[in-house]
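To keep things clear, I will list the structure first and then write my remarks on it.
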Amino acid sequence: MYQYNHNDQILIEERVAQFRRQTEQFLNGEISEDGYRNLRLRNGVYIQKHSPMLRVAVPYGVLNSKQLHKLAHIARTYDKNYCHVTTRQNVQFNWPKLEQIPDILAELAEVQMHAIQTSGNCMRNTTSDHLAGVCVDEIDDPRPYCELIRQWTTLHPEFDFLPRKFKIAVSGSLHDRAATQFHDIGLHLVKNDAGEVGFRVLVGGGLGRTPVIGQIIKPFLDKKHILSYLEAILRIYNLFGRRDNKYKARIKILVKEEGLEKFNEMVEQEWALIRDGLEVSEERFTTMKSHFSPFDYDEKAALNITFEQYKHENKTFAKWVEHNTLEHKIAGYRVVFLSLKHPETPPGDLTSEQLDTIADLAVRYSFGEVRSTHRQNLVFADVKQADLFQLWQLLNAANLATPNIGTATDIICCPGLDFCSLANAGSIGIAKEINEILDDMDYLHDIGNVNINMSGCVNGCAHQSVGHIGILGVDKKGVEWYQITLGGSSANEAAIGERLGAAVPKNEIAQTVGTILEVYVGQRLHEETFLETVNRVGIEPFKAKVYASH
Amino acid sequence: MQVIKNNQIIENQWTFLDDDAPVIAGNICVSLARWQAEKEQLSKHAGNLGVRILSTDDISTLGADLGLFALVELNVSDFMDGRSFSQAYLLRHRYRFQGEIRATGTYLADQAFYFSRVGVNAFSPENLLQTQATLKDFTVFYQ
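Residue numbers (our numbering), protein chains in the order written: chain A, 135 to 684; chain B, 4 to 146.
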């Protein structure tokens, strides 16, 4: 993974010193409430319902063992012994004390981590494919490009006070696992007819209150122009994006109001004036790529097939291999998912003990690295198949081997009313209830791939509008209700879910999800997935059954 | 009144004229609207000329007039409105404005460093010392 050089390290240390000074000045009354709010947001500090919340950046979801140990230490020392993995591959602490946050940031800086621009109206953490560099369908590894973009976006002097937040995602594979069609800018690595690598650029996608699928603004951008092209888009957005209404301030609204053609013209005009001289050199790409060189894989890994024997003998292990591991581009290796969706814990939460265990296991089994996924799980990307059985046992002991990746209990969930000051509804409790009605693993596996995304409010942190089943908390005169959508997807065939009907009260939501899944089982043909069935039969059969008793 | 210019605290040498205020001797700065309305008379002014740009103004309308100014004032009415940063970039880097670019109005001391990185070289903030100190916050950057 990327290792900081001297200047990278100086920059984050200077940022810590700056925030320490800002926090002291605020506590002494030398910075206004509103002013400090904007400064702290750009350092990942929210004021939540119960306490401040600190969102730590995990650039494109890559972490090493040392960093995990540090997160464990922070959770233990400054928080309530746990942290939460977010849908932007970041990590949140829900209970830090404001005056201790500069110390936490200083601790993070010791392991090349920071919380810069994880909130506020600025360029946020660049996200990517959690299978970068190891998947079989990759065109080019997105991580070197992500790091280039991370550096360019970090403390960019011109674009730190944008009309609204701005999110960039990069995908390097045929299958989009980074939801790039739902980002302000989505970048797809592609090859042109000459076989050269470049980007297909999408603009104006986004979730939240008004979900929009991004549109292609440039079918092929030579990779050397990536930074100048981003700069052109950002400058146009900064100058012309709406600032009169925060709900109309995202770039998607500018693109919609100007029309893609006009917006494209504006960008092209700007880009033509800046691109010469801002090219990224081949040398810089090479240096960046060298940080992500393939590991020293064991060439004989495929020869050891003992895990096949274990699969044969142990059905639970076999289920885990089937659901929680994936093919690796190197024969004899597998990608292993660590499920953070154990039925007894809130989705995406990790205790200090688990963090320490994962850090140690990463060193033993996966070259010391871990990735976070936008579905709030973790990944060991490079595990020898011969190690799978032993690793499974150790993960199981740490409650990290629930064989439910991609299933109906692998729920994406925001902290909801339980923590967030924005939320109308508590999503964590519902996740637990859904787990209870789906406690039969065989049934869960029979249902197969279903993405349930649940947000406590219309801001949509858990991307409910692209869930195969989306659940959105709404407040009706102080009572929690839930709106359900079906058929959303953030994969290649991107779609925004369709509303099923009237909102459902809290005590009926888990049962409603159960009913929806029963309808699917009754309607599906052959090997059809949930999403395929919904797309074929439409929402009517689901609606009829769910509202039959109303 | 004192201002920060090129990292030093100095006496202010400019007077901003309200749109209905009479022209006075010395260095004067006027709104873009007033400049456009009274360009002919104002360009005969003996002292130096400056123009005040709001975040909502389109600086490309200045065109060749830019050469007549010794000062462009970027007036920030809301510190969350980041258009002034792009305006500064355009003035300094696209239009090659060589004179003083001064950030005025309501902004955070902690925004001065970013302003200085996009071409602003003068500040008239509420808290001079606090603002001056922030200009040294970072010794490294990526852009």
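Every residue, glycine too, gets a C-beta built ideally from N, C-alpha and C.
Note to self: Is there a Cβ of chain A sitting closer than 8 Å to that of Ser-89/B, yes or no?
What the structure shows: yes
Margin query: Whole angstroms are fine: how far does the CA of Ala-520/A sit from the CA of Thr-440/A?
Written below: 6 Å
Item checked: Contact set between the segment 294 to 326 of chain A and chain B, restricted to residues whose Cβ is under 7 Å from the partner -> Asp-294, Phe-295 and Leu-296
Next item on the list: With a 10 Å radius around its C-beta and 16 neighbouring C-beta atoms as the bar for buried, classify Glu-365/A as buried or exposed.
Entry: buried
Checklist line | Span of the beta strand (DSSP E) around Ser-305/A | finding: 302 to 305
Next item on the list: Using only alpha-carbon positions, find the residue among Ile-181/A, Ser-500/A and Leu-484/A that is nearest to Val-470/A.
Entry: Ser-500/A
Next item on the list: Return the chain-ordered list of same chain residues with a C-beta closer than 6 Å to the C-beta of Asn-585/A, the five sequence neighbours on each side being excluded.
Entry: Gly-601 and His-602
Check: Among the residues of its own chain, which have a CB less than 8 Å from the CB of Thr-134/B, if the five just before and after it don't count?
Finding: Ile-7, Ala-112, Ala-115, Phe-126 and Pro-128
Check: Using a C-beta cutoff of 8 Å, does Leu-173/A count as contacting chain B?
Finding: yes
Next item on the list: Measuring only between beta-carbons, confirm whether Thr-259/A sits less than 8 Å from chain B.
Entry: It is worth fixing the name first, because residue 259/A is Asn in this sequence and not Thr. So, not an interface residue.
Item checked: chain B contact residues for Glu-158/A, given Cβ-Cβ distances below 8 Å -> The premise fails here: Glu-158/A is roughly 12 Å from chain B at the closest Cβ pair, so nothing lies under 8 Å.
Check: What are the uninterrupted segments assigned as alpha helix (DSSP H) that are 4 or more residues long and contained completely in the segment 270 to 294 of chain A, given in chain order?
Finding: 277 to 287
Next item on the list: Anything in the segment 139 to 159 of chain A with a Cβ closer than 7 Å to a Cβ of chain B? List those residues in chain order, please.
Entry: Asn-141, Ile-144, Leu-145, Glu-148, Gln-152 and Gln-156
Check: Counting only runs that start and end within the segment 348 to 410 of chain A, where is the beta strand (DSSP E) found for 3 or more residues in a row?
Finding: 349 to 356
Next item on the list: Return the residues of the segment 270 to 289 of chain A that lie within a Cβ-Cβ distance of less than 8 Å from chain B, sorted by chain order.
Entry: Gln-285, Trp-286, Thr-288 and Leu-289
Next item on the list: Please check if any C-beta of chain D sits within less than 8 Å of the C-beta of Leu-534/A.
Entry: The displayed structure is made up of protein chains A and B, and chain D is not among them.
Next item on the list: State the beta-bridge partners of Gly-108/B as determined by DSSP.
Entry: Val-79/B
Check: Along chain B, in chain order, which residues have C-beta atoms closer than 8 Å to that of Leu-364/A?
Finding: Neighbours of Leu-364/A on chain B: none; closest Cβ ~11 Å, over 8 Å.
Check: Closest Cβ-Cβ distance between Gln-135/B and chain A: below 8 Å?
Finding: no
Item checked: Identity of the residues DSSP links to Thr-485/A by a beta bridge -> Tyr-216/A
Check: Among Tyr-444/A, Val-608/A, Leu-578/A and Pro-480/A, which has the Cα closest to the Cα of Lys-566/A?
Finding: Pro-480/A
Notebook entry, point to check: By the 10 Å Cβ neighbour count, where 16 or more other Cβ atoms means buried, how is Ile-27/B classified, buried or exposed?
Noted result: exposed
Checklist line | Whole-angstrom distance between Ile-31/B and Ile-408/A, CA atom to CA atom | finding: 33 Å
Item checked: chain B contact residues for Asn-372/A, given Cβ-Cβ distances below 8 Å -> Gly-85, Arg-86, Phe-88 and Ser-89
Margin query: Relative to the C-alpha of Ile-104/B, which candidate in Met-4/B, Asn-9/B and Glu-41/B has its C-alpha closest?
Written below: Asn-9/B
Notebook entry, point to check: Is His-462/A helix, strand or coil when you go by DSSP?
Noted result: coil
Next item on the list: Can you pull the chain A residues whose beta carbon is under 7 Å from the beta carbon of Tyr-98/B, in chain order?
Entry: Those do not exist, as Tyr-98/B stays about 11 Å from chain A at its closest Cβ, beyond 7 Å.
Next item on the list: Taking Gly-169/A as part of the beta strand (DSSP E), name the residues at either end of that continuous run.
Entry: First-last for Gly-169/A: 167 to 175, but that is the alpha helix (DSSP H), not the beta strand (DSSP E).
Notebook entry, point to check: So Ile-351/A packs on Leu-336/A, CB below 8 Å; how close in whole Å?
Noted result: 7 Å
Notebook entry, point to check: Got a sec, what are the start and stop residues for the beta strand (DSSP E) Trp-615/A sits in?
Noted result: 613 to 620
Notebook entry, point to check: Quick one: what's got a C-beta closer than 7 Å to Arg-377/A's C-beta in the same chain, skipping five residues either side?
Noted result: Pro-297 and Ala-383
Next item on the list: State buried or exposed for Gln-101/B, treating a residue as buried only when at least 16 other CB atoms are found within 10 Å of its CB.
Entry: exposed
Check: For chain A, is any of its Cβ atoms less than 8 Å away from the one on Leu-111/B?
Finding: yes
Notebook entry, point to check: Taking the DSSP output, what are the residues bridged to Ile-685/A?
Noted result: Outside the modelled stretch of chain A, which goes from 135 to 684, sits residue 685/A, for which no answer is possible.
Note to self: Contact criterion: CB-CB distance below 8 Å. Does Glu-692/A meet it with respect to chain B?
What the structure shows: Past the edges of chain A, shown from 135 to 684, lies residue 692/A, and the structure says nothing about it.
Note to self: Rounded to the nearest angstrom, what separates Gly-502/A and Val-268/A at their Cα positions?
What the structure shows: 15 Å
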